[in-house]
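Comments concern the structure below.
Protein chains in written order, with the numbering used here: chain W, 1 to 344; chain L, 345 to 844.
Here you go:
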């Protein structure tokens, strides 16, 4: 066994004269701390807010800020799962459909079967997690590419939601449930925003401090190296997709609470917003890179854009064009910034 | 752990005892009843050509591969690891040839991957960083442990890899080509480190192609050839040519053809050729009929240089002159028009398209140049002729991926021969190819030069460099450090310039 040795030992070897200095210094790389990859997008967010404030003074008010927060809360919750999946090097196209399915289950259980609303909520959340587990199993043991597995689930979950709701919205929820999403604490702080922020904080802590959180980055960088280093790659993969499913389920519950009805078309296309938010935030679709803070910035950019453009009466068709351009621009600017930083 | 010495010829309980290991892969017997005994406190140098089985043996030792037969004992007990983690737990740690670090994680996180110090279930970053700092010091690295690995240079990464291995307190430590990416300073640190480890009773296996390193670290030498242990020495003071002969199985003279005879006509000339970040100020000329070898260590910029000459990654300044006229080579298409051909380093991803047939591959460049409606039959005839010319064994309608390495290489050569290039550049032409195919390829190269082509070869294998070249251009860290004539070339001369 090798034990700690003093630096004395190295200088006594007498081989080359270079060893006169016992503490050999090898090439030290630049120790300047790199800015986080969410820097560029964050600057873009600030710039966007400034521009929108000029265009419409009512933009920059506390009420409106919280408004935006409430509007993106659901996207934010789901994007947490999306971040974990993308950092792992995977992708999840089924989150929108799982959202709809969870909402449908709450509606069906409570309104059609008379089940206690909170039990229905629990069931819906667990079902979301279960759908995620199925995704994970297809990917790990079925060896389906993540794209295909989650594409299949996207179709299956959406189909099940349509079946359960018989293609029609389902309304009639108690106020206590609806308050999950429409209540304002103290009259001004949206409850859904609180839920989103809390989940974000937990996720951030998990990514930074939990060994399995750090392991996601390892797996995303190089699956094989991670596996050979003894990391439980299969468990991690299934766990990540299960979490994404669970969070999508929570998103569906919040959505139903917010709208007051379970819609079969709920969440359509939200998976692309999730991917956009996560990538704007600095994640790489190849895996290994990304951050919760970055995703938060990405979600806010999308929210700010939609809200600001609405305030300026921009048609929703043009909104889509603009949002697309902003997404590309945000990632482009960040790429350029990183290349410049690497050169220096 | 006290160092134990073996009595000559007798088996001891201490150390790692490998007996009769056989490993078969489809189409090849990678290891055939190999024995190896690694004693504590001693270093065994394991040498052999590419494909001899060294890496396979190491993968069996670390549990990445399961042997098909044979048995291993560690300290007298059966040793059968399920994977590198179990091997490390038992005390056998492998330091890979290809870096197995995660670029996006920090140095400390990489060192402790999968076994970070924890406090109440959360990663204890402070403890991890301070423990990492201690280990980094032992390998002579003065870097912050919380730096992302991708920001470190390759030599630093190699030392981090070594630090990672040391942090697992190994009984047996296997180094697989550890100095491939290190400068001389770092290599000296490594020799010191290995000798200290031996003093502390660690058993070392040192795999290397750099035969001159062996006397610095090894106490004995084991030679593998084509999966078989063909011999060795109980002492490391053995001449390079003896080692090469054992590795290769025949005397060096037989493998290489007689040198070609260059004419005086200058076909290609490089003047102050540079590419930012890759190489600078390269100057040499190439004659018709000449075989010019570009030698140097990994990372010296040789592949980048030939990629610049053939337009795959163009130079940023300087001139290329073909037959006296300056030319602009900005794309591979340009280089083809000027009569150049590049046989790339990685034949599977850059040489042949694996999922199409051999015939389609060989005909590919020529087909790209034909205008109008292609006469498939005449093309097919030409393809068949050139296939014979290179001695390719295989059917023309075989998929490229089913061919052996040697035959794939011949296929790549064949496809360029159809265009009758005047300048042919080979980047590591015999990497990973067995001895038989190697000499066939040398013969082809020789034939090309004799028939009037000008040949450039990039090679990392010193015997090959010395055996083939009329002249040797040596690169070190992107700079041209010297040009040697065949008569003045020797291993030492080349290595001295390569590490300058």
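Just so it is clear, CB atoms sit at the ideal spot from N, CA and C, and this is done for glycine as well. On a predicted model such as this, the values are computed, not experimentally measured, just so you know.
**Report entry** Member of 255/W, 77/W and 240/W whose CA lies at the smallest distance from the CA of residue 179/W
**Finding:** One-based indexing of the first chain puts residue 179/W at position 179. Looking at the Cα atoms, 255/W is the closest of the given residues.
Report task. Would you grab the beta carbon distance between residue 117/W and residue 174/W for me? Rounded to a whole angstrom, and I think it's under 8 Å. Result -> For the purposes of this step, residue 117/W is taken as the residue at position 117 of the first chain. For the purposes of this step, residue 174/W is taken as the residue at position 174 of the first chain. Right, their Cβ atoms sit about 6 Å apart.
Requested in this report: Please confirm whether residue 295/W and residue 132/W have their CB atoms less than 8 Å apart.
Outcome: The sequence position of residue 295/W within the first chain is 295, counting from 1. The sequence position of residue 132/W within the first chain is 132, counting from 1. No, these two residues do not count as a Cβ contact at 8 Å.
Query raised in the report: Is residue 547/L helix, strand or coil when you go by DSSP?
Result: Taking the first residue of the second chain as 1, we reach residue 547/L at position 203. It is a strand residue.
Report task. Less than 8 Å between the CB atoms is what I'm expecting for residue 610/L and residue 631/L, so what's the real figure, rounded? Result -> As a working note, residue 610/L is residue 266 in the second chain. As a working note, residue 631/L is residue 287 in the second chain. So it is a contact: roughly 6 Å between Cβ atoms.
Query - Beta-carbon gap between residue 252/W and residue 124/W smaller than 8 Å - result: Taking the first chain and counting its residues from 1, the one referred to as residue 252/W is at position 252. Taking the first chain and counting its residues from 1, the one referred to as residue 124/W is at position 124. A contact, by the Cβ cut-off of 8 Å.
**Report entry** Between the CA atoms of residue 418/L and residue 403/L - distance to the nearest angstrom
**Finding:** The count along the second chain starts at 1 and reaches residue 403/L at position 59. The count along the second chain starts at 1 and reaches residue 418/L at position 74. Whole-angstrom Cα-Cα distance: 16 Å.
Report task. Might you give, ordered along the chain, the residues of its own chain that have their beta carbon closer than 6 Å to the beta carbon of residue 512/L, omitting 5 neighbours on each side? Result -> Your numbering for residue 512/L matches position 168 in the second chain. The answer, listed in chain order, is 432 and 437.
Report task. Enumerate in chain order the residues of its own chain whose CB-to-CB distance from residue 25/W is below 7 Å, with the five nearest sequence positions on each side excluded. Result -> Taking the first residue of the first chain as position 1, residue 25/W is located at position 25. Low confidence applies here, because residue 25/W scores a pLDDT of 42, under 50, leaving its location unreliable; read the following figure in that light. Cβ within range, chain order: n/a, list empty.
Requested in this report: Please confirm if the region 214-232 of chain W is in contact with the region 441-455 of chain L, defined as three or more CB-CB distances below 8 Å between the two stretches.
Outcome: yes
Query raised in the report: Just curious, the beta strand (DSSP E) that residue 824/L is in, first and last residue?
Result: Position 480 of the second chain, counted from the start, is the residue given in the question as residue 824/L. Start and end: 823-829.
**Report entry** Whole runs of the beta strand (DSSP E) within the region 179-213 of chain W, excluding any shorter than 3 residues
**Finding:** none
Query raised in the report: Would a check of beta-carbon distances place residue 415/L closer than 8 Å to chain W?
Result: Residue numbering aside, residue 415/L sits at position 71 when the second chain is read from its first letter. Chain W, which has no Cβ nearer than 8 Å to the Cβ of residue 415/L, makes this no.
Query raised in the report: When you check each C-beta in the region 418-440 of chain L against every C-beta of chain W, which residues fall closer than 7 Å?
Result: 427, 428 and 429
Query raised in the report: Of all Cβ atoms in chain L, is any one closer than 8 Å to the Cβ of residue 135/W?
Result: Counted from its first residue, the first chain places residue 135/W at position 135. No, its Cβ sits nowhere closer than 8 Å to a Cβ of chain L.
Report task. Going by DSSP, name the residue or residues bridged to residue 573/L. Result -> Along the second chain, read from residue 1 onward, the residue named residue 573/L stands at position 229. Note: residue 573/L sits in a beta bridge opposite 568/L.
**Report entry** Continuous beta strand (DSSP E) stretch holding residue 625/L: start and end
**Finding:** Taking the first residue of the second chain as position 1, residue 625/L is located at position 281. Note, residue 625/L: beta strand (DSSP E), 623-631.
Query raised in the report: In three-state DSSP terms, what is residue 817/L?
Result: As a working mapping, residue 817/L is identified with position 473 in the second chain. Residue 817/L falls in the strand class under three-state DSSP.
Requested in this report: Could you tell me whether the Cβ of residue 231/W comes closer than 8 Å to any Cβ of chain L?
Outcome: Counting from one through the first chain, the residue named residue 231/W turns up at place 231. True, the Cβ-Cβ gap to chain L drops below 8 Å.
Report task. Would you list the one or two residues that DSSP bridges to residue 619/L? Result -> Indexing the second chain from 1 puts residue 619/L at position 275. In DSSP, residue 619/L forms a bridge with 623/L.
**Report entry** Buried versus exposed, by CB contacts within 10 Å (16 or more), residue 58/W
**Finding:** As a first step, residue 58/W must be located in the first chain, where it is residue number 58. Exposed, by the Cβ-count rule.
Requested in this report: Give the single residue among 465/L, 455/L, 689/L and 540/L whose Cα lies nearest to the Cα of residue 491/L.
Outcome: Locating residue 491/L in the second chain gives position 147, counting from the first residue. Per the Cα distances, 455/L.
Query raised in the report: Which residue from 415/L, 735/L, 425/L and 823/L puts its Cα closest to that of residue 843/L?
Result: Translated into the one-based positions of the second chain, residue 843/L becomes position 499. Here the closest residue by C-alpha is 823/L.
Query raised in the report: What residues match up with residue 684/L in a beta bridge as DSSP calls it?
Result: As a working note, residue 684/L is residue 340 in the second chain. In the DSSP output, where bridge partners are listed per residue, residue 684/L has 767/L.
Requested in this report: Measuring alpha carbon to alpha carbon, tell me which of 744/L, 729/L, 747/L and 392/L ends up nearest residue 586/L.
Outcome: As a working mapping, residue 586/L is identified with position 242 in the second chain. Considering only alpha carbons, the answer is 392/L.
Query - residue 856/L - containing beta strand (DSSP E), residue span - result: Chain L is shown only over 345 to 844; residue 856/L falls outside these bounds and no answer can be derived.
**Report entry** Any C-beta of chain L under 8 Å from that of residue 225/W
**Finding:** Here residue 225/W corresponds to residue number 225 of the first chain, with the count starting at 1. Closer than 8 Å to some Cβ of chain L, the Cβ of residue 225/W qualifies, so yes.
Query raised in the report: If you drop the 5 nearest sequence neighbours on each side, which residues of the same chain put their C-beta closer than 8 Å to that of residue 592/L?
Result: Position 248 of the second chain, counted from the first residue, corresponds to residue 592/L. Here the set comprises 393, 569, 599, 779 and 807.
Query raised in the report: Among 206/W, 136/W and 99/W, which residue has its Cα nearest to the Cα of residue 160/W?
Result: Counting from 1 along the first chain, the entry for residue 160/W is found at position 160. The option with the nearest alpha carbon to residue 160/W is 99/W.
Requested in this report: Could you please tell me which residues of the region 454-469 of chain L, in chain order, have their CB closer than 7 Å to any CB of chain W?
Outcome: 457, 458, 460, 462, 466 and 467
Query raised in the report: With a cut-off of 8 Å, does the C-beta of residue 447/L fall near any C-beta of chain W?
Result: For the purposes of this step, residue 447/L is taken as residue 103 along the second chain, with counting starting at 1. Yes, contact with chain W.
Query raised in the report: Given a limit of 7 Å on CB to CB distance, which residues of the region 288-314 of chain W reach chain L?
Result: 288 and 289
Query raised in the report: Going by DSSP, which residues form a beta bridge with residue 416/L?
Result: Taking the first residue of the second chain as 1, we reach residue 416/L at position 72. Partner(s): 362/L.
Query raised in the report: Any idea which residues DSSP pairs residue 421/L with across the strands?
Result: Locating residue 421/L in the second chain gives position 77, counting from the first residue. Paired residue(s): 418/L.
Query raised in the report: Based on the DSSP output, what are the partners of residue 492/L in its beta bridges?
Result: Here the question's residue 492/L lines up with position 148 in the second chain. According to DSSP, residue 492/L bridges with 450/L.
Query raised in the report: Interface residues of chain W around residue 444/L at Cβ under 9 Å?
Result: In the second chain, counting from the first residue as 1, residue 444/L sits at position 100. The answer, in chain order, is 222, 224, 225, 228 and 229.
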